[in-house]
Each structure stands twice: as C-alpha cells, then as structure tokens.
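Counting in my numbering, the sequence shown runs from 9 upward without gaps.
Think of the CB as a built atom: it goes at the ideal place given N, C-alpha and C, for glycine as much as any other residue.
First up is the structure itself, then whatever we jot down about it.
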Amino acid sequence: MSDSMQDNWMNKLAYSLAFILVLMGLANNLPNIPGLLELIQSIPGLSGLPRISKFNSEFFFPLTFIFMTVVALLRSSFARDWRDQGSIKYICGISLDILMLSVILAFGAFYLIENEQVCLIDTLNGDRARAMAENLARAQEYMDIFGTEPDDDFPDCITNSGNWVMPFLILAIAVFFVYIVKVWGFPIVAVAIVISLYTVISSLSWYFDWTDNKYLTTTVGTMVDGVRGYTGAVIGARNAVILESNGILGQFLNITVNVVFPYVVLGSLFGASAGGKSLIRMAVVVTRKLRGGPAHAAIIGSATFGTISGGPVVNVLGTGTLTIPMMIKNGFTKTFSGGVEAAASSGGQIMPPVMGIAAFVLAALSTVPYSEVIIAAFIPALAYFFSLFLMVIFECRRMDIKAINTLTEEQKLTREDYKNLIMIAGPILVILVLLLSSKDSVGEGFSAFIFGYDASSGDPLPWFLEVYQNAAGDPDSAGFYAVMILLLLLFLDPEVRRAPSKIIKALSDAGIVIAELFLLLIAVAVIDVCISFTNFTGILTIDVLNWLKSVSTFVIFGYEYVIGGSLYLMLALVVTMFATILLGMGMPTLPAYVNVILIIGPLLAALGTANFTAHMFVFYFAVASAITPPVAIAAFAASTISKAEPLATGFSAVRAGIVMFTIPFIFAFYPEILLIEAAQIMQPLDGDTSAGKTYLPGYDGTIHIGSLFWILTKLGVMLYLVATALSRQDRFLLSSFEIILRLILAALILLKMPIVANIALSITAIYLLYHHVLDKRRRL
Numbered sequence: 009m010s011d012s013m014q015d016n017w018m019n020k021l022a023y024s025l026a027f028i029l030v031l032m033g034l035a036n037n038l039p040n041i042p043g044l045l046e047l048i049q050s051i052p053g054l055s056g057l058p059r060i061s062k063f064n065s066e067f068f069f070p071l072t073f074i075f076m077t078v079v080a081l082l083r084s085s086f087a088r089d090w091r092d093q094g095s096i097k098y099i100c101g102i103s104l105d106i107l108m109l110s111v112i113l114a115f116g117a118f119y120l121i122e123n124e125q126v127c128l129i130d131t132l133n134g135d136r137a138r139a140m141a142e143n144l145a146r147a148q149e150y151m152d153i154f155g156t157e158p159d160d161d162f163p164d165c166i167t168n169s170g171n172w173v174m175p176f177l178i179l180a181i182a183v184f185f186v187y188i189v190k191v192w193g194f195p196i197v198a199v200a201i202v203i204s205l206y207t208v209i210s211s212l213s214w215y216f217d218w219t220d221n222k223y224l225t226t227t228v229g230t231m232v233d234g235v236r237g238y239t240g241a242v243i244g245a246r247n248a249v250i251l252e253s254n255g256i257l258g259q260f261l262n263i264t265v266n267v268v269f270p271y272v273v274l275g276s277l278f279g280a281s282a283g284g285k286s287l288i289r290m291a292v293v294v295t296r297k298l299r300g301g302p303a304h305a306a307i308i309g310s311a312t313f314g315t316i317s318g319g320p321v322v323n324v325l326g327t328g329t330l331t332i333p334m335m336i337k338n339g340f341t342k343t344f345s346g347g348v349e350a351a352a353s354s355g356g357q358i359m360p361p362v363m364g365i366a367a368f369v370l371a372a373l374s375t376v377p378y379s380e381v382i383i384a385a386f387i388p389a390l391a392y393f394f395s396l397f398l399m400v401i402f403e404c405r406r407m408d409i410k411a412i413n414t415l416t417e418e419q420k421l422t423r424e425d426y427k428n429l430i431m432i433a434g435p436i437l438v439i440l441v442l443l444l445s446s447k448d449s450v451g452e453g454f455s456a457f458i459f460g461y462d463a464s465s466g467d468p469l470p471w472f473l474e475v476y477q478n479a480a481g482d483p484d485s486a487g488f489y490a491v492m493i494l495l496l497l498l499f500l501d502p503e504v505r506r507a508p509s510k511i512i513k514a515l516s517d518a519g520i521v522i523a524e525l526f527l528l529l530i531a532v533a534v535i536d537v538c539i540s541f542t543n544f545t546g547i548l549t550i551d552v553l554n555w556l557k558s559v560s561t562f563v564i565f566g567y568e569y570v571i572g573g574s575l576y577l578m579l580a581l582v583v584t585m586f587a588t589i590l591l592g593m594g595m596p597t598l599p600a601y602v603n604v605i606l607i608i609g610p611l612l613a614a615l616g617t618a619n620f621t622a623h624m625f626v627f628y629f630a631v632a633s634a635i636t637p638p639v640a641i642a643a644f645a646a647s648t649i650s651k652a653e654p655l656a657t658g659f660s661a662v663r664a665g666i667v668m669f670t671i672p673f674i675f676a677f678y679p680e681i682l683l684i685e686a687a688q689i690m691q692p693l694d695g696d697t698s699a700g701k702t703y704l705p706g707y708d709g710t711i712h713i714g715s716l717f718w719i720l721t722k723l724g725v726m727l728y729l730v731a732t733a734l735s736r737q738d739r740f741l742l743s744s745f746e747i748i749l750r751l752i753l754a755a756l757i758l759l760k761m762p763i764v765a766n767i768a769l770s771i772t773a774i775y776l777l778y779h780h781v782l783d784k785r786r787r788l
C-alpha cells in the first residue's frame with residue numbers, strides 16, 4: 009500500500025468514525041420532545057425502545073470512550089508519522105498504535121466487567137441472572153418482614169478482573185500519556201505525571217513504612233491486624249475505571265458527552281459559515297465614526313465570535329485575518345494591532361452566553377447551573393471589553409489616529425452579509441432565551457400571551473410550550489436547538505447550497521475536536537483520581553489554616569497586632585494567579601483551570617471566598633495565560649498575521665488586556681458584582697452542607713442595588729485610570745509621575761477600606777479636574 013493510500017484510508021476512517029460520533033452525541037443530547045418517543049415506538053419493530061436520548065451511561069460511556077479514543081489514535085498514529093524514518097522506528101510506531109488500540113478496547117471491557125450494573129462476565133456465564141434472582145428474593149423477604157422496600161442496589165459482580173485492574177490502570181495511563189503528549193504537547197501531561205508519581209511514591213512510602221510524614225503517605229492502603237495491604241488500592245483503581253465522579257470514564261466524560269458536545273458542534277458549524285467575515289464587516293460599519301475604527305471593530309467582532317468559538321487561537325485566526333491588516337492600515341503599530349486582537353480574542357472565553365468548554369466544566373465542578381454562570385460572567389466581561397475600548401481610545405489620542413468615516417466597497421455590508429449575520433444571531437438568541445428561562449415561568453407572562461394560554465384554567469400546556477418548558481434552563485437542550493437552527497440557517501449561504509458536503513465536513517471536524525479534547529481530559533481525570541487517592545488537598549488546606557491561626561498575631565514594641573483574614577486571602581490569591589498562569593502557558597484554558605482548581609481551590613474557599621468565586625478566579629487567570637509571555641499562544645497567533653515580533657505582541661496584549669489580571673481580585677473581595685447567590689455562600693471546610701447555607705461575613709445572599717452601583721462606579725473610575733496610565737495618554741501625554749499616581753489611585757479606590765477608598769476617589773476627582781483644566785489652558 010502506498011504512503012498516500014495509507015494516509016487516505018486512515019483519514020477517511022477517522023472522519024467517518026468522527027461523523028458517527030457526532031450523530032451519537034447529538035442523539036444523546038436530544039431534548040425531551042412530547043410525543044416523539046411514542047411516535048418512534050409506533051414504528052414496527054421499535055415498540056420496546058426504552059429511550060431515544062440520554063442513554064444509559066453504563067453502556068453509552070464506554071462506547072463513546074472507544075469511539076473518541078480510536079478517532080484520536082487514527083489522527084495521531086505513530087506508524088503513519090514514523091513510516092519514512094527507518095524500519096525500526098516504523099515497527100515501533102506500529103507497536104505503539106496496536107498497544108494503544110488494545111488498551112482502548114481493554115479499558116472498555118474492564119469498565120463493563122467491573123460495573124455492577126453490567127457485570128459482563130457474569131452476564132455471559134449466567135451468574136448475573138442467578139445473582140439478580142437471589143437479590144430479588146432477598147428484597148421480597150425484607151419487604152415481608154419490615155413492610156418497606158429495600159434500597160434498589162445491584163448485586164456485586166461475582167467474577168471481575170481482580171487485582172489485575174491495578175497494573176492495567178498504570179499501563180493504560182502511561183499509554184494514554186504518550187498520545188496526549190503527541191497531540192497536545194508535554195506541558196499538558198507534565199502536571200499529571202508529577203501528581204501520578206507523587207501518588208505512587210506516597211503509596212510505596214506507606215506500604216514499606218519509609219516515613220510517617222503525612223504528605224508522603226497515602227489513604228489508598230489498608231491495614232488488617234497490623235499487616236499493610238493494597239486491598240484499598242485495588243478498590244481505588246477499580247473506582248478510577250468505573251466511577252461516574254472521580255474516574256477516567258467519570259465526570260469529565262459526562263460533561264463532554266452530556267453538556268459540551270452540542271457546543272463543540274455549534275462552533276465547528278460556525279467555522280464552516282461565512283458569518284465571521286460578515287460579523288467583522290458589521291463591526292467596522294458600527295465603529296467607522298470612532299477614532300479606534302478597526303481596533304474597536306476587532307473588539308466587538310472578537311467578543312461576539314469568541315463567545316461562539318470559545319478558543320483564543322481559533323478566534324484570532326477567525327477574526328484577526330481581517331481586523332489586524334485594517335488596524336495597521338489605519339495607523340496602529342503592528343505590535344499594538346496584534347496585541348489588541350489577542351486580548352480581545354482571549355476575552356471571548358469570558359463573554360456570555362457561550363464561554364467555551366472550560367466554562368461548562370466550571371459549572372459542573374462548582375455545582376452552579378450554567379445559566380447562573382453566564383449571569384455571573386456578565387459584569388466582569390463588560391468591564392473587560394470596556395477597558396479594551398478605553399485602551400484603544402487613548403492609543404488613538406497618543407498616535408493622533410482619526411476615524412475612517414467612509415467605507416470602501418469591500419467593507420460595506422451586502423445582502424449576503426445580512427443573511428450571514430442571521431446565522432450568528434439565530435443560534436445565540438436561542439441559547440440566551442432557553443438558558444435564561446426557568447421551567448416554572450413557562451406558561452406565564454409573555455409566552456402565555458403569545459399562545460393564548462391561561463395558566464389559571466388548569467389546562468395542560470400547549471405542545472410548543474411543553475417543548476419550551478422541557479428545554480428551559482438546560483444548557484444541553486439549548487445547545488442542541490442552537491445546532492438544529494444553525495443547520496437550517498446554513499443553507500442561506502449559497503456556497504453551502506452548492507456544496508452541502510461542507511456541513512458533513514464540519515460535523516466530522518467537530519467529532520475530531522471532541523475526540524482530541526477528551527484525550528486531553530484523560531490527563532485531567534488522572535489528576536482528579538490521584539488527588540482523590542492521596543487526599544493531598546484536604547491535608548494541605550487543614551495545615552495552612554492551622555498555621556495561619558498560629559501566626560495571626562504578633563507583637564512589636566509591646567503592642568499586639570492581629571493580621572486579618574483578608575491579607576492571607578490576598579496572598580493565596582496572588583499565589584493562585586501565578587500558579588494558574590504558569591501552568592496555563594502553552595496549553596488550553598481547560599487543563600490550566602482544572603489543574604489549579606483541584607489543588608488550590610479548596611484552600612481558597614477555606615480562606616474566605618465562596619466556592620464559586622474561587623472557581624471563577626482560577627478560570628479568569630487560565631484565560632489570561634493565553635496572552636501572558638513568554639508562551640502567549642493567542643498573541644503568537646496574532647503575530648503571525650501582523651508580522652510583528654511575537655514576544656513584543658505578547659507584552660502588548662498584556663498591556664491591552666491588563667484588566668483581565670485585576671478583575672478576578674475585585675470580584676474575590678466584592679462578590680456582589682457576580683450577581684448570583686452562589687458567589688456569597690461560604691463553603692464549609694468539611695464540605696458538609698446539611699446545616700444549610702452560610703453566607704460570607706457582611707452578605708445575605710441578595711444583591712443591594714445601591715451598593716452594587718457604588719462599586720461599579722468605583723470600578724469605572726479604576727478602569728479609566730488604568731487605561732490612561734498604561735496608554736501614557738489622557739487629554740495629553742502623561743508624565744512618569746502621573747502614570748504612577750494613577751496606578752496607585754486605581755488600587756486604593758477599590759480597597760475594601762471605605763475611608764481610604766473615599767479619600768482616593770476625592771484625590772482622583774480633584775486631579776482629573778486639574779488635568780482637564782490644564783488641557784484647556786494648553787489649547788489656548
């Protein structure tokens with residue numbers, strides 16, 4: 009077989025499996041449509057069909073796992089890449105691919121063998137039927153004696169993989185790591201390798217009794233009659249395979265399959281449309297009379313397109329190819345043009361309603377509904393893009409750049425552009441309406457008026473309102489309907505009508521993205537499993553809190569001083585910021601966020617932030633890592649378009665997007681700007697919430713409009729001071745003293761010390777008034 013033929017069949021197989029994977033995923037996310045199941049059951053031969061969506065995880069999870077990992081294997085085959093590098097290397101490549109395929113199939117088999125709802129071996133040899141019959145008999149006996157039904161538990165598997173699950177899990181993780189490195193690079197896996205080695209070393213330290221240091225021992229082992237054993241380790245390994253919480257086929261697979269899936273498909277379909285170019289043209293038309301012109305257009309376009317694509321590099325390449333040349337042509341430097349585009353594109357991940365994959369994971373890990381996450385993200389995102397607008401305005405003043413006013417023929421909106429804008433607006437509108445609706449509100453107010461429904465009549469909801477109610481507030485349903493709407497709207501594009509195969513290609517591309525994404529999530533799941541094994545975060549949190557209690561007071565010259573919890577929280581936040589940025593360099597937002605939140609998140613919550621706020625804090629800095637030198641992936645992508653020096657573009661992006669580095673500290677100390685109750689709830693150290701909600705000191709779970717307005721006013725002043733200081737320009741060029749003064753005042757204004765903040769505001773008002781008076785005198 010020739011090289012081209014081998015590449016061809018592997019690519020065809022990968023894209024075919026990816027397309028099937030997408031169809032499976034969309035079917036799984038099909039919302040509850042009244043009457044649809046009954047209609048399908050009426051088809052001859054399908055009368056016994058139990059469901060048509062949200063398939064049973066015990067079968068669907070291993071099936072999708074196999075599909076995704078096989079697709080990833082076909083796309084990253086060592087045999088294909090090493091084919092021309094000598095026979096020995098080629099044979100090694102074939103061996104690695106065969107080993108990976110064997111591990112994938114074996115992992116799926118292990119899952120089915122160990123899962124107590126399946127017990128594959130018992131089912132095949134008949135033991136399962138006998139065990140179920142015995143379990144039913146015991147349940148009947150229990151009911152006869154006590155008069156109540158027992159817990160509906162499945163009997164344990166009689167025949168399982170035994171102790172072999174432990175070495176198999178280690179082998180599987182090692183093989184997965186090899187392919188993750190090939191697809192995503194070593195930084196993604198580095199943290200997982202370190203934590204895996206820590207787990208192994210701490211387990212061996214306990215088993216051989218090398219030390220009593222609690223950080224070098226693990227909770228995996230068990231001791232019976234003074235003899236150390238690994239029964240607990242085997243159980244832990246088994247749970248790592250089958251558990252739907254902390255397992256490789258657990259919560260991250262669940263999030264991928266049941267929530268994220270339709271949004272990845274949506275992003276891929278948007279990429280196949282001409283909506284991105286039309287969006288930029290619209291932004292240019294809207295901003296043509298502003299001095300920033302194309303730079304402001306880049307901010308608007310990237311904010312809108314980024315909320316769909318959710319990836320900074322994809323966003324840069326999707327919008328920057330149009331906006332960066334326009335900015336340079338309008339007079340901006342290449343470095344500034346690339347920096348603004350990179351900063352705006354990275355901000356797309358914090359812009360509701362679709363904030364990228366990491367935001368869905370945030371919702372799952374923080375147990376806050378995604379509909380509330382997008383509400384919480386609204387003010388911080390608005391502040392970020394407002395600050396970008398200010399940066400551009402003052403840069404225009406500094407460089408004396410004028411508004412473009414008139415448009416070229418290429419920049420004017422055409423009839424096709426309006427059609428393309430409908431493609432973007434339609435799905436986003438569907439997502440917003442469904443996510444911001446509650447199931448209880450359907451059938452009341454505007455929706456009831458439209459359909460002439462009277463809730464007080466007691467009549468059942470009309471069919472359409474029932475469909476709406478079933479989808480309200482569910483991110484997976486919102487994503488599904490958005491995909492369906494976009495699939496129809498794509499045919500407004502004449503190119504799609506001429507070649508409908510573009511849609512098939514886009515769906516297959518989505519399957520490839522999902523497969524490679526899940527390969528990445530395996531590394532994240534391994535970290536989650538290892539942390540669960542060792543209880544490292546629990547030990548660390550308790551020790552840090554005990555240490556803080558011991559050093560909370562100190563004496564100087566006979567006076568006792570008490571260090572407040574806010575100082576410790578600030579120190580922890582700064583450490584978290586650096587950890588997230590360092591871990592996020594060169595890798596996507598998702599692993600940077602998850603790696604840090606799993607390790608440091610519990611400590612932040614214990615030090616006085618709400619659990620949700622801690623998640624948002626880490627998430628923001630994971631996003632910011634995309635523009636932080638020396639490995640600023642979004643800035644580097646922008647530099648390839650602007651032809652500017654990559655590192656200089658990275659520093660320009662940081663200067664333009666500096667507010668992304670300050671906003672998280674603001675909502676950590678002022679959680680009310682997140683607008684939701686979850687941002688004000690204190691997380692108990694032991695995780696027990698049975699006692700009810702406990703709010704942070706000074707909060708009651710509600711948003712006070714007056715207080716919020718005052719904070720936003722101070723935030724607006726702070727953004728103005730920071731933007732002018734970093735641009736070195738206000739009404740006229742600022743001196744070094746004025747730049748430093750503005751940065752100091754910006755920091756003082758938002759201190760949670762009313763006297764200091766009010767004095768800083770007063771000084772700012774007097775200083776800015778003086779600055780404007782001085783400018784008028786200069787003009788005379």
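query, result
"Nearest to Met595 by CA position, among Lys297, Val475, Lys447, Val321, is which residue?", "Val321"
"Where do the N-terminal and C-terminal ends of the alpha helix (DSSP H) with Tyr476 fall, by residue?", "471-479"
"Of all the beta strand (DSSP E) runs that stay within the bounds of the segment 411-436, which reach a length of 3 or more residues?", "none"
"Measure how close the beta-carbons of Ile674 and Leu758 come, nearest whole angstrom, since I'm counting them as under 8 Å.", "6 Å"
"What does DSSP give as the partner residues of Gln789 in its beta bridges?", "No statement about residue 789 is possible, as the shown extent of the chain runs from 9 to 788 and does not include it."
"Just curious, the alpha helix (DSSP H) that Leu777 is in, first and last residue?", "762-787"
"Helix, strand or coil: which one does DSSP assign to Tyr703?", "strand"
"Whole-angstrom Cβ separation of Ala643 and Gly347, contact assumed at under 8 Å?", "7 Å"
"State buried or exposed for Trp90, treating a residue as buried only when at least 16 other CB atoms are found within 10 Å of its CB.", "buried"
"Note down the Cα distance separating Pro682 from Gly300, rounded to an integer number of angstroms.", "The sequence as given places Leu at residue 682; Pro does not occur at that position. One C-alpha to the other measures close to 30 Å."
"Does the segment 360-376 come close enough to the segment 609-626 that 3 or more CB-CB pairs lie under 8 Å?", "yes"
"Among all the DSSP beta bridges, which residues are the ones paired with Ala630?", "Its beta-bridge partners do not exist; DSSP assigns none."
"Mapping the DSSP letters down to three states, classify Ala618 as helix, strand or coil.", "strand"
"If you count every other CB in all the chains shown that lies within 10 Å of the CB of Ala652, and 16 or more means buried, which is it?", "buried"
"Spatial neighbours of Phe115 within its chain, please: CB distance less than 6 Å, with the 5 preceding and 5 following residues excluded, ordered by chain position.", "Ala180"
"Excluding the 5 residues preceding and the 5 following Leu444 in the sequence, name in chain order all residues of the same chain whose CB lies nearer than 7 Å to its CB.", "Ser379"
"When DSSP labels each residue in this structure, what does Met690 get in the three-state scheme?", "strand"
"So is Glu524 buried or exposed if we call it buried at 16+ other beta carbons inside 10 Å?", "buried"
"From Ile432 to Glu349, what distance separates their C-alpha atoms?", "20 Å"
"When the Cβ atoms of the segment 325-343 are set against those of the segment 464-483, are three or more pairs found closer than 8 Å?", "no"
"Please state if the CB of Ile307 and the CB of Val294 are separated by a distance shorter than 8 Å.", "no"
"Quick check for students: name the residue ranges of the alpha helix (DSSP H) that lie wholly in the segment 56-128, counting only runs of 4 or more.", "65-83, 86-89, 95-122"
"How big is the Cα-Cα spacing for Ala765 and Thr343?", "35 Å"
"So Leu274 is in the alpha helix (DSSP H); what residue range does that whole segment cover?", "269-280"
"Short check: CB of Ser281 to CB of Leu421, under 8 Å?", "no"
"Tell me which same chain residues have a C-beta within less than 7 Å of the C-beta of Phe86, skipping the five on either side of it?", "Gly101, Leu104, Asp105"
"Could you tell me the alpha carbon to alpha carbon distance between Trp172 and Ala632, rounded to whole angstroms?", "43 Å"
"Can you tell me whether Leu612 sits near the ligand SAH, meaning its C-beta is under 7 Å from at least one heavy atom of the ligand?", "Looking at this structure, you won't find the ligand SAH or any other ligand, since it has none at all."
"How many whole angstroms separate the CB atoms of Phe260 and Leu81, which I take to be in contact at a CB cut-off of 8 Å?", "Going by Cβ atoms, the distance from Phe260 to Leu81 rounds to 19 Å, so no, they are not a contact pair."
"Apart from the five residues on each side of it in sequence, which residues of its chain come closer than 8 Å, Cβ to Cβ, to Lys337?", "Pro302"
"Does DSSP classify Lys651 as helix, strand or coil?", "coil"
"Span of the alpha helix (DSSP H) holding Cys165?", "Segment: none, Cys165 is in no alpha helix (DSSP H) and carries neither H nor E."
"Which whole-angstrom value is the C-beta distance of Phe269 and Ile522, which I expect to be below 8 Å?", "7 Å"
"When you compare the CB positions of Gln357 and Thr597, do they come within less than 8 Å of one another, or not?", "yes"
"Buried or exposed for Asn619, please, with buried defined as at least 16 other CB atoms from any protein chain shown within 10 angstroms of its CB.", "buried"
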